[in-house]
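S.K.: Following this message is one structure expressed as structure tokens.
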Amino acid sequence: MQAKRSLAIMQPYFLPYLGYFQLMAKVDAFVLYDDVAFINRGWINRNRINIQGSAHMLTVPLARASQNRLICDIDISDDTTWRNRTLKSIQQAYSRSSQFSRVFPLVESIIRYPADNLAVYLSHSLIALRDHLGLKTEIIPTSRRYGNATLKGQDRIIDICRIEGADDYINAIGGVELYDRAAFDAHGTKLSFLTPTLRPHSEESSAFLPGLSIIDVLMHNDPLAVTDQLQAGVLA
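Going by the numbering used here, the sequence shown opens with residue 38, and the numbers climb by one from there.
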């Protein structure tokens, strides 16, 4: 009997929060949905870290970004000074954290990755983070491969599930109003939603700010604690 295959589909985000990786940990394959419209002031090219108890924004500067363009068609700005500035902010925020010496080389390799295209840059970072976290999830780095861009919304998600042979599709809880379980059932796919669990860090919990970049979790938790947090989250 063939093993069941579970799938999630998400836009690629810049150093996303723990809930993104809790979703990744729940599935066999994770599609980076990068041939959809870019969202201004979203999480595609920016995220937050904790500097002295306040959320501080990190941003990847882009060239000619617009909500009328696809994520995969947008380039990173050729002004390279942002990389040093970003690393300096991260170092300022976490240099005294217990896991800094172990995690900072990973962060530096991600920030300095020399890609010009935003989707390529984000794909590299998510694969690097997946490997660091010890996840075995297959990351499918482009959604263009499916040739179904004429489909919209739920119909396109269902079609990707069909092409990937997914028995189970898991979506972040934010999409609960967008998708209909009966429609997925009709195509042989079970639809579930994941509500993330964001716990205070095992150290310095008084300064904990939920929903920051995964960097914040990695800097304050040893590998066993991170693995435990990755397995959290409520499926329904």
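Backbone N, C-alpha and C fix where the C-beta goes; we use that ideal spot for every residue, glycine too.
1) Are the segment 49 to 57 and the segment 244 to 256 in contact at 8 Å, needing three or more beta carbon pairs?
2) Hey, out of Gln-129, Thr-96, Lys-63, whose CA is closest to Gly-90's CA?
3) According to the Cβ coordinates, are Asp-204 and Lys-173 closer than 8 Å?
4) When you measure from the CB of Lys-189 to every non-hydrogen atom of the ligand PLP, does any distance come out below 7 Å?
5) In whole angstroms, what separates the C-alpha of His-224 from that of Ile-176?
6) Take every Cβ of the segment 59 to 68, pair it with every Cβ of the segment 206 to 220, and state whether three or more of those distances are shorter than 8 Å.
7) Considering only residues of the same chain and omitting the five flanking positions on each side of Ile-113, which have a CB-CB separation below 8 Å?
8) Count the C-beta pairs between the segment 184 to 191 and the segment 159 to 167 that are closer than 8 Å, then say yes if the count reaches three, no if not.
9) With DSSP collapsed to three states, give me the class of Thr-232.
10) Which class does Val-64 belong to by DSSP, given the choice of helix, strand or coil?
11) Would the beta-carbon of Phe-75 fall within 8 Å of that of Leu-107?
12) According to DSSP, is Ser-180 part of a helix, a strand, or is it coil?
13) Starting from Leu-170, trace the alpha helix (DSSP H) both ways and give me its first and last residue.
14) Just the C-alpha distance for Leu-163 and Val-140, rounded to the nearest angstrom, thanks.
15) For Thr-118, does the three-state DSSP call read helix, strand or coil?
16) Would you report the Cα separation of Thr-117 and Gln-191, rounded to the nearest angstrom?
17) Round the Cβ separation of Gln-104 and Asp-71 to the nearest angstrom and send it over; I've been treating them as touching at under 8 Å.
18) Which residues mark the beginning and the end of the beta strand (DSSP E) in which Leu-255 is found?
19) What are the boundary residues of the alpha helix (DSSP H) that includes Arg-193?
20) What does Arg-85 pair with, by DSSP beta-bridge criteria?
21) Whose C-alpha, out of Ile-197, His-257, Ala-273, is nearest the C-alpha of Leu-44?
22) Return the bridge partner residues of Asp-205 from the DSSP annotation.
M.R.: Quick answer:
1) yes
2) Within the sequence shown, the letter at position 53 stands for residue 90. Comparing Cα positions, the closest option is Gln-129.
3) For the purposes of this step, residue 204 is taken as residue 167 along the sequence shown, with counting starting at 1. For the purposes of this step, residue 173 is taken as residue 136 along the sequence shown, with counting starting at 1. No, the pair does not count as a contact, with Cβ atoms beyond the cut-off.
4) This structure lacks the ligand PLP, and indeed carries no ligand of any kind.
5) For the purposes of this step, residue 224 is taken as the residue at position 187 of the sequence shown. For the purposes of this step, residue 176 is taken as the residue at position 139 of the sequence shown. Roughly 23 Å separates the two Cα atoms.
6) yes
7) Your numbering for residue 113 matches position 76 in the sequence shown. Taken in chain order, the residues that qualify are Val-97, Pro-98, Leu-99, Ala-100, Ala-152, Asp-153, Asn-154, Leu-155, Tyr-158.
8) no
9) Within the sequence shown, residue 232 is the residue found at index 195, counting from 1. Of the three classes helix, strand and coil, the one that applies to Thr-232 here is strand, per DSSP.
10) Numbered from its first residue, the sequence shown carries residue 64 at position 27. Residue state, collapsed to three classes: coil.
11) Numbered from 1 along the sequence shown, position 38 holds the residue referred to as residue 75. Numbered from 1 along the sequence shown, position 70 holds the residue referred to as residue 107. Taking 8 Å as the Cβ cut-off, Phe-75 and Leu-107 qualify as a contacting pair.
12) For this step, residue 180 is matched to residue 143 along the sequence shown. Reduced to three states, the DSSP call for Ser-180 is coil.
13) For the purposes of this step, residue 170 is identified with residue 133 of the sequence shown, where counting begins at 1. Note, Leu-170: alpha helix (DSSP H), 155 to 170.
14) As a first step, residue 163 is located in the sequence shown; it is residue number 126 there, counting from the start. As a first step, residue 140 is located in the sequence shown; it is residue number 103 there, counting from the start. Straight-line Cα distance between these residues: approximately 15 Å.
15) Here residue 118 refers to the residue found at position 81 of the sequence shown. Thr-118: helix per DSSP, three-state reduction.
16) Position 80 of the sequence shown, counted from the start, is the residue given in the question as residue 117. Position 154 of the sequence shown, counted from the start, is the residue given in the question as residue 191. One C-alpha to the other measures close to 38 Å.
17) Here residue 104 corresponds to residue number 67 of the sequence shown, with the count starting at 1. Here residue 71 corresponds to residue number 34 of the sequence shown, with the count starting at 1. That pair is no contact at about 15 Å.
18) As a first step, residue 255 must be located in the sequence shown, where it is residue number 218. It is not in any beta strand (DSSP E) - Leu-255 instead sits in the alpha helix (DSSP H) that spans 251 to 257.
19) On the sequence shown, residue 193 is found 156 positions in, with the first residue counted as 1. Here the alpha helix (DSSP H) through Arg-193 covers 190 to 201.
20) On the sequence shown, residue 85 is found 48 positions in, with the first residue counted as 1. Per DSSP, Met-94.
21) As a first step, residue 44 is located in the sequence shown; it is residue number 7 there, counting from the start. Of the candidates Ile-197, His-257, Ala-273, the one whose C-alpha sits nearest the C-alpha of Leu-44 is Ile-197.
22) The count along the sequence shown starts at 1 and reaches residue 205 at position 168. Asp-205 is bridged to Ser-43, Lys-227.
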